[in-house]
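Below: one structure, written as structure tokens.
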Amino acid sequence: MESTSNFVLNGLSEKMSWTLFKQMAFNGSESGLNSQIHEIAKEIVKKCVVPLALKALGSAMKFKKNVKEWEEARDSDIWERDEGNEVMASLKLSYMNLSSQLKECFTYCSIFPKDHVINKQDLIGQWMANGLVSFTSTRGMEVDWGNEYFERLVQVSFLQNIVEQIDSAKVTCNMHDLVHDLAQSISDQRILLINDTGKAIHKDNGEVNPNKIKKMRALYIRSGDSDVINMVSEAQSLRSLFLESIVLYDTLFISISKLIHLRYICISDCLFTTIPNDISTLWSLEALHLRHFHMIKYFPESIGKLINLRTLELVTCMLTHLPKSIGHCQSLQNLIVSSTQITSIPNSLGQLVNLKSLNISYCYELVKIPEGAFGQFHSIRTLNLSHCMILKEVPFSIGKLVSLEILNMSMCEQLKWLPESIGNLHKLRFLNLHRCKSLEKVPESIGNLINIESLDLSWCENLKCLPKSIGNLDKLCFLNLNGCESLEKVPESIGDLINLESLDFSWCENLKCLQKSIGNLDKLCFLNLHGCENIQKVPESIGDLINLESLDLSCCKNLKYLPESIGNLDKLCFLNLDGCESLEKFPESIGNLINLEGLDFSWCKNLKYLPESIRNLDKLCFLNLDTCKSMETVTESIGHLINLESLDLSWCENLKCLPESIGNLDKLCFLNLHRCESLEKLPESIGNLINLESIDLSWCKNLKNLPESIGNLANLCVLNLDNFELNTIPKSIYNLRKLTSLNLDRFQNFYCMPAGISKLNGPYIQGLSIFSGVEDNKLACMSELKHLNIRGHLKICGLQNLNYPGEATQAKLKKKNLSSLKLTWCHNALNNCNECSFPVLEALQPPLSIKSLDLEGFPGKQYPNWMMVSNETRMTPFPNLTSLTLSQIKRCFNLPSLVGLPHLEYLTLEKMPYLTNYSGHFPSLVELYLREMPNLEEVTTMNLDTNNISNPAFPRLSKLVISGCPKVRIKPHLSPSVVELKLEKSNDELLGVEFFNGESSSEICSSSLGIRVLIISQMETQLVLLKQFSTITRLEFENYERNCLPESMRHLSSLRELKIYHCKNLHALPEWLGELKSLEELKIWCTPLTFLPQSMQHMNSLRQLWFWNCGGLHVLPEWFGELKSLIKLLIDETPLNCLPKSIKQLTTLQYLYIWNCPELERRYEHEKGEDWHLISHIPTVNIE
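The numbering of the sequence shown is the UniProt record's numbering, which starts it at 1 and goes up by one.
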């Protein structure tokens, strides 16, 4: 027996290994344990070393009470046979200690491919089909034995990663790869897995032995063709058959129909067109799973003859109806008809008296379920109707399903009501009505569901109230009302839910208050009020929730204060107040939350200070003050938070200093000060943060110096100084020997890096910038790079100062593990051009692993040799390069011969005044940018190969940007693969026919019409050809010079987005604009615009409308209310006096943003403005 793969598994310490083994073998206790067994067990543990082996062998030995049995395990020759592979030896010993029945059940699992997700119910069904589960007189007992064996294999870790889907009662698992290898190595000749190459796994060196096919009991074939028919037809003893991705044939099903011993069939992703009537000859068949049969439209009536069928699964097929004879399958217990085209359910379904689970999910055409369909389902426990999107009602007879425990009707978007009879489901434990958008109320009878544990009403957007009877659900543990936007209040009886543990009101935007009775929920652990924008206060009774562990009040924008009683929540661990913009202070009682671990005040814009009592929160680990813009200081009390691990003060724009007491936070690991733009200094005590691992000081523009004590941060790994303006960096920074990431991107002062950077020997220095050629031995120089273990991004600036190529050679960039390199000469380099520029660049050769290369301002006339294709080998210089930028290279007349870079995806060429033509072959190029090249005349898009055959130069090019290239032409034509095109300040002829076809014609060939996005900026073209681009979905005009939009665009039937920016000559939009029926998004930034065309009212698809800086627009027309699909409206710096009254009619409008419009701000102020009533129906209104 052997393993097919090598794995590196992490071991545990001896102490941890014993603890884990003891937990599995002795329930975690050593009391009463035989001393001999104790010593033997310790010896066995030393051989196991990894968790998988410890758990497996520990569980297998759990019931071994005899010393001899333990000795046999310790002294087994398996340890010697698998010397060096103790994990496999442990697994084999675990297997040897299983019962004979369990061994067979485990061995059967070898039929599954690696990483296969195993369905528990399916697996038990397969065991039963193969006679591996003991038969008894009661069928229910068979399933119980199957559950017993399943749980036992889980205990020994042979099955793992158990996932239970509560709303469908589905349980899945998988096998560790090593366990799978074990199963394969011990499987007998009756179980065979054939992989997608046609080879057997672990059988006869991979060859399928035809003589043994006849004896096969289980066969799994992954892909195949005609050979599969012969193989299957020979396997006359088969009990289980799996076929996956078989290319053909319908005749294969006929062969299957002759396998009279078959009890289990699972076929998926096969191109069958019909299911033959002969399937009825499989008398013994117990389970039939047909998945992803896209071509099958009907199922034969002969299915009714399969009297032993227990499970039938039909998933993802074009089936339009179920056969009436299905009612004759009296043994059927599980029926899954998911993702089909069925429109109705036959009444005969009600005859399935033994049915336990019915799944009719994702049947988008199902309109109605007849009354008789649920007739005799007295045993059914699970009913899944989820994603039946047009199902409007369920029959009254649903109340007869007296054994039902799980009912899932989520995403039944047109379901308007539930029958009162639902209250008869006294055994129901889980009810899921998630996203039943049309549901307006829940029947009073729901209060009769005395055993219900979970009720999900999330995103029932039209649900306006809950029945008073909900208080009768005294076993309810989870109530989810997330996204019930129309819910304004809840009944007082909610306080009677004495066992409620989790209550979710998040995004109940119209909920105005909580009932006082909520304080009665003394078992409540989780309360979520995120996004309840209309709640202004929470009741004092919240302090009575003595078991509350998590309270989320984030985005309660109008919450003004918290009650003093909040301090009574002494079990509270997490308090989230993110986005409570109206909150100005907190009660001192917050200091009583002695178990608080996480506290989030982010985006509390009006919060000016923290209460002094915060010093008492000695268990606090996470404190977030992100974007508390009014906060200027942090209290000295923060130094008492002795367990604080993470402190986020990012975007505290007015924070000027940190208290000295911050140095007391010796457990602090993460400190974020990003964009603290008023911060002027850091306290010296920051050096006392001995466990600090990451500090972010990016964009702290007023912080000019770092304290010397920063060098004391012995555990610092990450230091972010992105966009920093320090006068100098302290030399002590080089004491940070654990530093692995130093970000100096956009560093503003390259002269402040002190000498000694080579002392930073961490493995990952990110964004490092070195200023070269500075004659000052106190500053870092490029020669120090040779000692630096650097990977990632490196930027070297000031190369114009480097007169000695030897210093560049010492950097040894070729040996660095760089992914990105940027080399820059300053803008006046041309004026100080010296002869060293070429040898310097030659000496800075990057490693072959480089992925991104950027040269800026190179003043030489010749590119280095390392940028050229070798004439001898014709090998490309950088096979892994994906991005190349050449900018401001003003003396080179040609491009380097970087032809054929196999993985280059992004190429930018800009400000190269002497470049006149461009050609090359880049098979992977996706985006090409050509900018500010006044003399560029030609770009070649086709190349001739060695056989003189013309091939595309950029076969994958999808985005082309041409800006500031007034002479350029594309020869012979634009690459047909381009889907996004931007033309700016360039040749107007680029939009002519020749640009697309390469020849004169009045029409564009269809192969050139793939453009989806077109952006026109600072061009005068009339765009007469625009009407031919029926595929365009997004069109943008920026600084368009003409005084009207091109009429040709009225024919763009697929246009969904139109953006008009800075068009100074455009005073009006054309009347035909309303003809763009597919338009969903219209954004206008146009100062001269004075009115909107009346035809816009016919834009029935318009979902977003934005106005920026429309200085001439003073009024919106009353027909505005006709935009029935409008969801988002934004108005910024546009002098409107008022909004049209018809805005009240826009019931779909969800978001209204009004910025920098003083008159509108006054008229529509929240609940105070004279016209607030016109927009009060809009869920999200933001006026700034």
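Where is the CB? At the ideal position from N, CA and C, for every residue including glycine.
With DSSP as the reference, label residue i as helix, strand or coil.
| i | result |
| --- | --- |
| Phe374 | helix |
| Asn354 | coil |
| Gln236 | coil |
| Ser975 | coil |
| Cys173 | strand |
| His1173 | helix |
| Phe299 | coil |
| Val163 | strand |
| Ser17 | helix |
| Phe135 | Bear in mind that the predicted position of Phe135 carries a pLDDT of just 47, short of 50, making it too unreliable to give a figure here. |
| Gly598 | strand |
| Leu290 | strand |
| Gln1150 | coil |
| Ile37 | helix |
| Cys266 | strand |
| Thr1087 | coil |
| Lys95 | Lys is not the amino acid found at residue 95; the sequence shown has Tyr there. Tyr95: helix per DSSP, three-state reduction. |
| Leu473 | coil |
| Glu1003 | A caution first: Glu1003 carries a pLDDT of 49, below 50, which makes its placement in the model unreliable, though a value can still be read off. Of the three classes helix, strand and coil, the one that applies to Glu1003 here is coil, per DSSP. |
Classify residue i as buried or exposed, calling it buried when 16 or more other Cβ atoms lie within 10 Å of its own Cβ.
| i | result |
| --- | --- |
| Met933 | buried |
| Glu775 | In this predicted model, Glu775 has a pLDDT of only 49, less than 50, meaning its place in the structure is not dependable enough to derive any value. |
| Pro902 | exposed |
| Asp552 | buried |
| Ser17 | buried |
| Asn624 | buried |
| His378 | exposed |
Does the distance from the CB of residue i to the CB of residue j come in under 9 Å?
| i | j | result |
| --- | --- | --- |
| Leu431 | Ile398 | no |
| Ser357 | Ile336 | yes |
| Lys1102 | Leu1069 | Here the sequence assigns Leu to residue 1102, which means Lys is not the residue at that position. No, they are not a contact pair. |
| Lys738 | Leu716 | yes |
| Arg222 | Ser237 | no |
| Ser100 | Ala53 | no |
| Ile1015 | Glu1036 | yes |
| Ala129 | Asn97 | no |
| residue 1193 | Cys266 | Nothing can be reported for residue 1193, as the shown portion of the chain is limited to 1 through 1184. |
| Asp504 | Asn534 | no |
| Pro539 | Lys516 | yes |
| Glu677 | Cys700 | yes |
Could you give the distance in angstroms between the alpha-carbon of residue i and the alpha-carbon of residue j?
| i | j | result |
| --- | --- | --- |
| Met61 | Val45 | 12 Å |
| Leu620 | Asp648 | 13 Å |
| Ser589 | Leu569 | 10 Å |
| Lys816 | Ile790 | 6 Å |
| residue 1189 | Gln23 | With the chain covering only 1 through 1184, there is no way to say anything about residue 1189. |
| Arg263 | Arg310 | 10 Å |
| Thr940 | Pro805 | 36 Å |
| Phe478 | Ser454 | 5 Å |
| Thr1180 | Leu1052 | 33 Å |
| Trp603 | Leu529 | 16 Å |
| Leu575 | Gly495 | 22 Å |
| Glu1167 | Leu928 | 52 Å |
| Asn947 | Leu884 | 29 Å |
| Met1096 | Glu1071 | 8 Å |
| Ser339 | Cys363 | 5 Å |
| Leu282 | Asp522 | 58 Å |
> Can you list the alpha helix (DSSP H) stretches of 4 or more residues lying completely in the UniProt domain "R13L1/DRL21-like LRR repeat region" (782 to 912), in chain order?
Replying inline: Counting only runs of 4 or more, we get 805 to 810 and 837 to 843.
> Can you give, in chain order, each stretch of the beta strand (DSSP E) that sits fully within the stretch 404 to 450 and has at least 3 residues?
Replying inline: Counting whole runs of 3 or more residues, the stretch 404 to 450 contains the beta strand (DSSP E) stretches 406 to 408 and 430 to 432.
>> Please give the ranges of any alpha helix (DSSP H) in the stretch 45 to 91, keeping only runs that are unbroken, at least 4 residues long and fully inside the region.
In response: 51 to 60, 67 to 75 and 78 to 81
> If you scan the stretch 630 to 684 from start to end, which runs of the beta strand (DSSP E) of 3 or more residues do you find wholly inside it?
Replying inline: 646 to 648 and 670 to 672
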